[in-house]
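In what follows, a structure is listed as structure tokens, so that the remarks can point back to it.
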Amino acid sequence: MKKIIIYSIILILFLNCRDKSNVQPNLEEPVVAASSNAQKINSTLQELLRFADISETNDMDVADVVGFKMMDVRGNITSLDLEDGATLFKSYPSSESKQNRPIMEINDSNKVLLMVKGKGFGGPIWAKLLMDATTHEILKVKFEHKAETEGYGAGITRASFQNQFIGKTIKISNNTFALVQNGKEWIKGEQPIDGISGATVTSENVVHMLNEGLLGYAQYFQVR
């Protein structure tokens with residue numbers, strides 16, 4: 000009888016030890032967390048970060064680097080989360096409304112990314128601008144279009160045209176840019192811009208877009 004009890008105890012201890020040896024550590028949780036963080040950097044966010052000269056890293060939490068806001072037509076400014084902020088930037092060029100203007104602030108700096116839009120000769124045109132929110136200087140600009148003519152209006156994407164705007168300080172009370180085309184001033188403003196040869200309409204609309212679009216952010220600059 001005693002032998003049976005002893006054998007039973009040994010068997011129970013053996014089985015218990017074997018069960019514990021089969022328990023595997025949970026290695027999946029950190030991977031899930033990293034994957035969740037990586038998903039925050041979608042294609043729109045990647046484009047905005049690169050335009051703002053922000054290097055991406057695998058462990059970067061985008062919310063620590065940038066913050067999104069929206070300014071309505073009355074000048075009211077609302078904070079947005081990453082998803083809503085990126086969505087607003089993505090949809091803004093194709094939206095017919097200018098009521099909700101997108102803003103991306105780069106944390107721990109004076110830099111801010113804004114977007115303006117208008118109509119060119121062949122369809123929508125728009126621009127991203129990286130600016131110093133304190134000095135109102137344009138640090139970087141990128142024009143884009145949907146259907147401007149190659150060799151003419153599509154020239155707004157050339158560096159030679161875009162570089163005219165870099166380093167300029169904008170006015171928040173009147174037109175910043177003037178348009179000069181074929182020796183004639185087509186639009187009055189503080190800073191002369193040479194239009195694209197053979198694309199007077201597109202050149203005019205780009206300058207109007209910047210003047211009006213940046214004035215639309217006047218209230219944002221005033222509260223900075």
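Sequential numbering of the sequence shown, starting at 0, is according to numbering that gives the first Met the number 0. C-beta atoms are modelled at their ideal positions from N, C-alpha and C, and glycine is treated no differently.
With DSSP run on the structure shown, which of helix, strand or coil describes A33? The residue given as residue 33 occupies position 34 in the sequence shown. Low confidence applies to A33: its pLDDT is 41, below 50, so where it sits in the model is not reliable enough to give any reading.
Let me know if E162 comes out buried or exposed under the rule of 16 or more other beta-carbons within 10 Å of its beta-carbon. In the sequence shown, the residue the question calls residue 162 occupies position 163. Note on identity: in this sequence residue 162 is Asn, with Glu being the wrong assignment. Counting other Cβ atoms within 10 Å of its Cβ, N162 stays below 16 and is therefore classed as exposed.
For the candidate residues E143, L209 and R157, whose alpha-carbon lies nearest to that of T168? Here the question's residue 168 lines up with position 169 in the sequence shown. The shortest C-alpha separation from T168 is found at L209.
Give a yes or no on contact between the segment 172–179 and the segment 142–162, applying the rule of three or more CB pairs nearer than 8 angstroms. Contact between the segment 172–179 and the segment 142–162 is absent, because fewer than three Cβ pairs lie under 8 angstroms.
Could you name the residues of the same chain whose beta carbon sits closer than 7 angstroms to that of K170, not counting the 5 residues immediately before and after it, in chain order? Position 171 of the sequence shown, counting from 1, holds the residue named residue 170. Setting aside the 5 residues that flank it on each side, K170 is surrounded in the same chain by E189, each with a C-beta closer than 7 angstroms to its C-beta; the list follows chain order.
List the residues that DSSP assigns as beta-bridge partners of T168. Your numbering for residue 168 matches position 169 in the sequence shown. DSSP, once it has assigned bridges, lists E136 as partnering T168.
Could you tell me which of G182, L112, E203 and R73 sits nearest to G84, measuring between CA atoms? Locating residue 84 in the sequence shown gives position 85, where the first residue counts as 1. Ranking the options by Cα distance to G84, first place goes to L112.
Cβ of T86 within 9 angstroms of Cβ of I155? Here residue 86 corresponds to residue number 87 of the sequence shown, with the count starting at 1. Here residue 155 corresponds to residue number 156 of the sequence shown, with the count starting at 1. In this structure, I155 does not lie closer than 9 angstroms to T86 by Cβ.
Using CA coordinates, which residue listed in K139, D58 and K118 is at the minimum distance from D52? On the sequence shown, residue 52 is found 53 positions in, with the first residue counted as 1. Nearest option by C-alpha distance: K139.
Expected contact under 8 angstroms - CB spacing of G212 and V72 to nearest Å: Here the question's residue 212 lines up with position 213 in the sequence shown. Here the question's residue 72 lines up with position 73 in the sequence shown. Taking a contact as a CB-CB distance under 8 angstroms, the pair G212 and V72 does not count as one, their CB atoms being some 13 angstroms apart.
Does the segment 214–223 touch the segment 96–107, meaning 3 or more C-beta pairs lie closer than 8 angstroms? Segments in contact, yes.
Answer with buried or exposed for G166, where buried requires no fewer than 16 other C-beta atoms within 10 angstroms of its C-beta. Locating residue 166 in the sequence shown gives position 167, where the first residue counts as 1. Its Cβ having fewer than 16 others within 10 Å, G166 is exposed.
Nearest-angstrom Cα distance between G117 and I124? As a position in the sequence shown, residue 117 is number 118, starting the count at 1. As a position in the sequence shown, residue 124 is number 125, starting the count at 1. Between G117 and I124, the C-alpha separation is close to 5 angstroms.
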